[in-house]
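K.L.:
Please find one structure pasted underneath; my questions will follow.
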Amino acid sequence: MLRVVGAESLEDLAARTLPAAIAGADLSALPAPSTEAEAMAELRELSERNRWRVKSLIGLGYHNTHVPPVIQRNVLENPGWYTAYTPYQAEIAQGRLEALVNFQTAVADLTGLPVANASLLDEGTAAAEAVALAHAAHRGKGRVLLAAADLHPQTLAVVRTRAEPVGTEVKVVPPAEIADAAAGAEKPFAVLLQYPGTTGEARDLSPEIAAAHKAGALAIVCADPLSLCLLTPPGEMGADVVVGSTQRFGVPLGYGGPHAAYMAVKDAHKRLLPGRLVGVSRDAAGQPAMRLALQTREQHIRREKATSNICTAQVLLAVMAGMYAVWHGPEGLARIARRVRLQAGMLADAANRAGFALRHETFFDTVAIEAGGKADALVRAALGRGFNLRRVDAGCVAVSLDETVTREELSSLAAAIAEAAGASVADLSDLAPAPELPAALARRSPFLTAEVFNTHRSEHAMLRYLKRLEDRDVALNRSMIPLGSCTMKLNATAEMMPVTFPGFADVHPFAPPEQAEGYAELTRRLADWLCAVTGFAAVSLQPNAGSQGEYAGLLAIRAYHRARGEAGRDVCLIPSSAHGTNPASAVMAGMRVVVVACDRDGNVDVADLRAKAEQHSARLAALMVTYPSTHGVFEEGIREICALVHEHGGQVYMDGANMNAQVGLTSPAAIGADVCHLNLHKTFCIPHGGGGPGVGPIGVAAHLAPHLPNHPMHPGAGPETGYGPVSAAPFGSAGILPISYAYIRMMGAEGLTRATRVAILSANYVAKRLEGHYPVLYRGARGMVAHECILDCRGFQQGGGVTVEDIAKRLQDYGFHAPTMSWPVAGTLMVEPTESEPLAELDRFVDAMVAIRAEIRAIEQGRSDRADNPLKNAPHTAAEVMAEKWAHPYGREQAAFPLPFVRAHKYWPPVKRVDNVHGDRNLVCTCAPLEEYAQQAQLRAAE
Ligand SMILES: *Cc1c(COP(=O)(O)O)cnc(C)c1O
């Protein structure tokens, strides 16, 4: 490979790729590399330092759950699911798209609203997203948000963090006063409610929702999805938006995440829905096919007009939750819900018999016990028996039941109550269930009526359903996914294994800190290592996606300016080549976006930057810059660029999505940045999950360290001087941090540095081998690309009428996922081969691209039909190639087996090219219509 690119050694290549001025990184703080076995033993030991055997009945939106083993092994622990990319290439993603339609359908049914998205990051940020949606629905008018005092406290805290920079005032009102407050002088634009309330109360929300509507406000409800099997869904009470977490649908606690939050809306708001939405359309053969719907609506693509920055969400966890609904079906879920409520009722009776009053008489799973002076004793008695309860306030203790609680455990809890009260222990068989739900609260409407939720009732059926969907998709266990920007590197099996160690999986995010010492140590070490990698002084692991890191970092910059009495600094300079999340995050952080031009070589136009920095000097807050650039180049002028921004009083935010080109060779601190985020799901081996989970920690220089996020419920989560939480859980998606820990631990300083060098080598190798076939756009000063390269496909449009999309779809016939398409430059493909692809796989990819170039040439030279050729008809399905009739001027063999290696390991795309326009015109996002659609298509075919 070195010979092909014309370099003498990896060191020589790196020296010719990176500007000398920024070379150097100090990774001496990293421990020496370990073997896999050593890393596993170390992580096992850390996991056992968490007291996971204590069962947390703390609630607050996080509950123990049984991960159905058939889902744990075949989805969560299966690279066919967890290594897939976001389903932008719909034809090779039909499996996970179907799984996401299941998730959307389950959410829509349970909430009683027609449209649900394919997941959000967590319940707290989902509530904040709903508030932003309501504000956008009011066209930005209105300032006041009424928030019920019985929201989960972490939800309220996240909403407050998000409200302040955009000028929203959060008024917290006791539930009983919401209606009056809504009718008050200053009209709210939204009312935010919790259902059931955080201390367990289930009450009819109709009056509050009606009052909100009367005031012209939208009603947002945060709801527990399991409770909705028994309780009247908020949609039927008139709610406009319903959000929540599907964690208790079979997703481990993981000390706070990752879990799939959800959002469902009325039809009128579907175009404002943040996050991704899967819809049904048809393929080129008229068969139903799924794809991401309303892509132009996808918020971060709207850049500075966006009201949300969500990009990576929680697809893997949404798949799990949707499959939990498929596995249990409507009767199974209702049975689980009834059992949980039965146990809560019995425990309430035990409390009554022991002489304690209850805070609420109507509840689903949470019993709030007024223990008065005996509250301490109750918490202690429960802990002595192996349970964490929630201390609500001085005299009140809440217990949240869940599907894992056994009869014996219920007895034990009743005994703890009796002990605290000094009463005699009630026998379980004497305890009464909770009274019937009041009529207004009892759910009558059916849910999960679609066939998929009523079919897979044996484990064999379920196993095969999961396998069938998995086989429709291309993931990293099949072939290279040569995406640019979204580093799709190896997610080593050893790195994945600790995720399901019970000591990591079964810890509640609000368990007492002294029970989570393993996590404390893991997060401390990982943060230290990431400090070394970035060259920064402090790291926050709280943001649970890159977009959230951007937001958190910009808030740190904002807080820093304010602390220095420079609150007027609100201009954020962003190069035109930036990822869409950058401007979206800046707007959310209350900044004004000023776009900086790029020059012909794809670099930041320094003259334009200088002019704009001067023009906005007094108000300059920040520059957001991606390094190496989104064009795959180490810009020579980066230090000059950073210095220029500093001269005008601004701070430099570095988007760290391309860190895979930096680790060990240079660092954000070395280029002169003040803060950056890292995408642990790109550079640090957390798998992409088909579109999430992610983790987006931020590193900051010392002067910004006091301005990192923190968390009201965990003093160790950030500095006391911080601005509040940006995620619901203190350490965000802590449950997958062991993956990045294991990666760094096993690689050590030398391994990480070598990985970076080999990533650069791979990109230059692909560029070199393809440059005679496709023009390679943008190179550095010494002719090298960084860790990715951009192939220009615009020239084929004229000669052969071939578009970049045709090439992307044709690659599917060769068994490959397409590179990043038309970003950052329209009509191009961006390839990032990473360090972990073997040479043979790189060569197969190159051979496929060369063969496709020959197919294009045949069209250009008139040897192949302009309209009817393998590119325009790609991808080719088995049904089509094996049909009696074959009416194309090229052969079946060329269609399906264009190169010998394809024959050896054929992937059959399950559908032909998907029609996006049709799908957006006829938006269908749930299963039931999908089944009707399939039937209609069959009828049409029969005719
Ligand atoms: C992936 C990416 C982001 C956003 O990160 P998410 O984790 O998807 O939110 C931002 N900038 C760049 C350049 C990226 O590639």
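Residue numbers for the sequence shown follow the numbering used here, beginning at 488 and rising by one.
Beta carbons: idealized from backbone N, C-alpha and C, even for Gly.
1) Hey, out of A706, N1197 and L1386, whose CA is closest to Y1301's CA?
2) Just tell me which of L900, A910, L779 and S898 has its CA closest to the CA of R840.
3) Using only the alpha-carbon positions, how far apart do L1195 and V1182 sit?
4) Under 8 Å between the Cβ atoms of P996 and A1216?
5) For ligand 2, enumerate in chain order all residues having a CB closer than 6 Å to any of its heavy atoms.
6) DSSP has G731 in a bridge; who is on the other side?
7) Closer than 8 Å is the cut-off here; do at least three beta carbon pairs connect the segment 1220 to 1240 with the segment 1172 to 1186?
8) Should E585 go down as buried or exposed, given a rule of 16 or more other Cβ atoms within 10 Å for buried?
9) Can you tell me the Cα-Cα spacing of M1317 and F1388, whole angstroms?
10) Within its chain, find whatever has a CB closer than 6 Å to the CB of G1055; leave out the 5 residues flanking it on each side and keep chain order.
11) Does the distance from the CB of V491 to the CB of K1255 come in under 8 Å?
12) Return the CA-CA distance between R583 and T642, expressed in angstroms with no decimal places.
13) Using 8 Å for Cβ pairs, my map puts K542 next to G832. What's the rounded Cβ distance?
14) Using the C-alpha atoms, what's the distance from E610 back to I707?
15) If you scan the segment 1054 to 1101 from start to end, which runs of the alpha helix (DSSP H) of 4 or more residues do you find wholly inside it?
16) Note the first and the last residue of the continuous beta strand (DSSP E) segment covering L705.
17) Excluding five sequence neighbours on each side, which residues of the same chain lie with their C-beta closer than 8 Å to the C-beta of Q1381?
18) Between A1157 and the rest of its own chain, which residues show a CB-CB distance below 7 Å, the 5 nearest in sequence each way excluded?
19) Which residues in the same chain as A648 place their Cβ atom closer than 7 Å to its Cβ, once the five residues preceding and following it in sequence are excluded?
20) Can you name the start and end residues of the alpha helix (DSSP H) that K674 belongs to?
21) Check F736 in the structure and name its three-state DSSP category.
22) Quick check: what's the CA-CA separation for R1344 versus L1410?
23) Roughly how far, in whole angstroms, is the beta-carbon of P1180 from the beta-carbon of P745, given that I think they are within contact range, below 8 Å?
24) Report the partner residues of A929 according to the DSSP bridge assignment.
25) For Y572 versus H1304, is the C-beta distance shorter than 8 Å?
26) Could you pull out every unbroken beta strand (DSSP E) segment of at least 3 residues lying fully inside the segment 1099 to 1180, listed in chain order?
27) Taking its Cβ as the centre, do 16 or more other Cβ atoms sit within 10 Å of D444, making it buried, or is it exposed?
28) Who are L633's beta bridge partners in DSSP?
29) Check Y1377 in the structure and name its three-state DSSP category.
30) Is there contact here, the segment 1279 to 1295 with the segment 1352 to 1369, by at least three beta-carbon pairs under 8 Å?
31) Kindly provide the ranges of any beta strand (DSSP E) runs that are 3 or more residues long and lie completely inside the segment 594 to 648, ordered along the chain.
32) Please classify G1036 as buried or exposed, where buried requires at least 16 other C-beta atoms within 10 Å of its C-beta.
33) Less than 6 Å between C-beta atoms, sequence neighbours within five positions excluded: which residues of the same chain meet that for S966?
34) Rounded to the nearest angstrom, what separates A868 and R894 at their Cα positions?
35) With S887 as the anchor, note down where its beta strand (DSSP E) starts and where it stops.
36) Whole angstroms are fine: how far does the CA of A577 sit from the CA of R769?
P.N.:
Once the coordinates are examined:
1) The closest CA to that of Y1301, considering only A706, N1197 and L1386, is found on L1386.
2) In terms of Cα proximity to R840, the closest of L900, A910, L779 and S898 is A910.
3) Each residue's alpha carbon lies about 16 Å from the other.
4) Result yes, Cβ atoms of P996 and A1216 sit closer than 8 Å.
5) By its list of ligands, the structure shown excludes ligand 2, since it contains just ligand 1.
6) Under DSSP, G731 shares a beta bridge with Y749.
7) Three or more beta-carbon pairs separated by less than 8 Å link the segment 1220 to 1240 to the segment 1172 to 1186, which places the two stretches in contact.
8) By the C-beta density criterion, E585 is buried, having at least 16 other C-beta atoms within 10 angstroms.
9) Taking C-alpha positions only, M1317 is separated from F1388 by approximately 23 Å.
10) Hits under 6 Å: R1106.
11) Yes, these two residues count as a Cβ contact at 8 Å.
12) If you draw a straight line from the Cα of R583 to the Cα of T642, it comes to about 29 Å.
13) With a Cβ gap of about 19 Å, K542 and G832 do not count as contacting.
14) Within the model, the alpha-carbon separation for I707 versus E610 is close to 12 Å.
15) Complete alpha helix (DSSP H) runs here, min 4: 1068 to 1075.
16) In the DSSP annotation of this structure, the continuous segment of the beta strand (DSSP E) that includes L705 starts and ends at L705 to A710.
17) The residues are P1357.
18) Result list for A1157: I509, G511, A512 and G1022, in chain order.
19) Inspection of the sequence shows that residue 648 is occupied by Thr rather than by Ala. Contacts found: Y1210, G1211, P1212 and V1213.
20) Note, K674: premise wrong, no alpha helix (DSSP H); not H, not E.
21) DSSP places F736 in coil when its eight states are reduced to three.
22) Rounded to the nearest whole angstrom, the CA to CA distance from R1344 to L1410 is 38 Å.
23) Yes, P1180 and P745 are in contact; Cβ-Cβ is about 3 Å, under 8 Å.
24) Per DSSP, L718.
25) Yes, these two residues count as a Cβ contact at 8 Å.
26) Annotation note: the segment 1099 to 1180 contains the following uninterrupted beta strand (DSSP E) runs of length 3 or greater, listed N- to C-terminal: 1107 to 1113, 1138 to 1143 and 1162 to 1165.
27) As displayed, the chain neither begins before 488 nor continues past 1430, which places residue 444 out of reach and without an answer.
28) As DSSP reads the structure, L633 sits in a beta bridge with K658 and V678.
29) Reduced to three states, the DSSP call for Y1377 is coil.
30) They touch, by the three-pair rule.
31) Within the segment 594 to 648, the complete beta strand (DSSP E) runs of at least 3 residues are 631 to 635.
32) It is buried - the Cβ of G1036 has at least 16 other Cβ atoms within 10 Å.
33) Excluding sequence neighbours, S966 sits near G1302 and F1303.
34) Looking at the two C-alpha atoms, the distance is approximately 18 Å.
35) S887: member of the beta strand (DSSP E) spanning C883 to S887, first to last residue.
36) Distance between the alpha carbons of R769 and A577 is about 11 Å.
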